[in-house]
Amino acid sequence: MLQVGGKMSNKVLVLGSSGRLGSYISKASNSIPDLEIISHSRKANRPQSADLTNRDQTFKMLEVLQPDVIINTVALAEIEACEKNPSRAYHINVLTTQNIVEWIGEASAKCHLVHISTDHVYDGEGRNKENSVNLTNYYAYSKFASELIAKQIPSTVLRTNFVGKSVSDLRQTFSDWVVSSLSAQRNIELVNDVWFSPVSLRFLLEALALMVRERLDITANLGSWGGMTKFEFGLKIGRFLDLDLEKIHSVTAEECEAYVTYRPKNMVMDNSFWETTTGMKCPSTEEVANAVAREYL
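Okay, so the sequence shown: first residue is 468 according to this note's numbering, each after it adds one.
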């Protein structure tokens, strides 16, 4: 770890700062002590702008910025978009990671990569451990491929699913969509047979700050304990906020109009490895639902 004046140098480059997670990290950077947060944008005319699918542009930007840690939040996460255009999914989810890893490997061994992956790599029975990978759609394939590339160097790979009040003008989280839809008296379909174990954006930010400090070479689940169906989770948020629950319609994944591509039915994660490795305890899914609902009061 690089030391500057007796302290570790913590210049952190956030890739994908216009997305749900990247924008949250960038906006919350003032609340994280001893970190210099730099936000990447593809379009802005500044040193930290680059098309990360372009190797030359990526290398040029990273050579100028010389980050100590890169948090890669770049992703094409829309399931249908990945299935309809696998080439685009490959370029965004895989090639960007390859360019980052190649720069670190060739030019900056001191730089640590924190790579954000997904719970969609699972579809098993019970709590999915890190070795329980079961890929069922192109989004999952592309994200798992990016993990394999990230692990060509010492890096932190976090498999997660996050909810909470977004600060992005462009992207909504699942909880944003539920709250905004019910507040506008719109009918919504929530699936009753797809299980997940999300964390809040706030909790994920704390975990990322820990990884920036510790720079662990791990692949870990980062979720909540217990799990819920998306129907149950949305219902809890709606009930907490006293919204019209009659607008929520319980459907199976096969019945859901928005689900054209297959989704995993069980993405509930076992977080034991994360907790024993880091000492950071994960909340229950019930606690996450309540904490996230309070963000909208």
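Backbone N, C-alpha and C define an ideal beta-carbon position, used for all residues, glycine too.
The C-alpha of L702 lies about 18 Å from the C-alpha of Q639.
Note on geometry: alpha-carbon atoms of T745 and D660 lie some 32 Å from one another. Inter-segment contact for the region 475-493 and the region 501-510 is present: three or more beta-carbon pairs are separated by less than 8 Å. H582 counts as buried, since at least 16 other C-beta atoms from the protein chains shown sit within 10 angstroms of its C-beta. Of the other Cβ atoms in all chains shown, fewer than 16 fall within 10 Å of the Cβ of L615; this residue is therefore exposed. The C-beta distance from T603 to Y729 rounds to 6 Å, short enough to fall under 8 Å. Around the Cβ of H716, a 10 Å sphere holds fewer than 16 other Cβ atoms; the residue is exposed. Pairing T686 with R626 gives a Cβ-Cβ distance under 9 Å. According to DSSP, F629 shares a beta bridge with V666. The Cβ atoms of N688 and N560 do not sit closer than 9 Å to each other. Burial check for V531: the Cβ neighbour count within 10 Å stays below 16, so the residue is exposed. Restricting attention to S484, I499, S485, the CA atom closest to the CA of R669 is found in I499.
Remark: C-beta atoms of V588 and W662 do not approach each other more closely than 9 Å. With respect to the 9 Å criterion, F641 and K697 are classified as neighbours on the basis of their beta carbons.
In the structure shown, Y589 falls within a strand segment according to DSSP collapsed to helix, strand and coil.
Here the C-alpha atom of L683 lies approximately 46 Å from the C-alpha atom of E713. Here the C-alpha atom of W570 lies approximately 32 Å from the C-alpha atom of P665.
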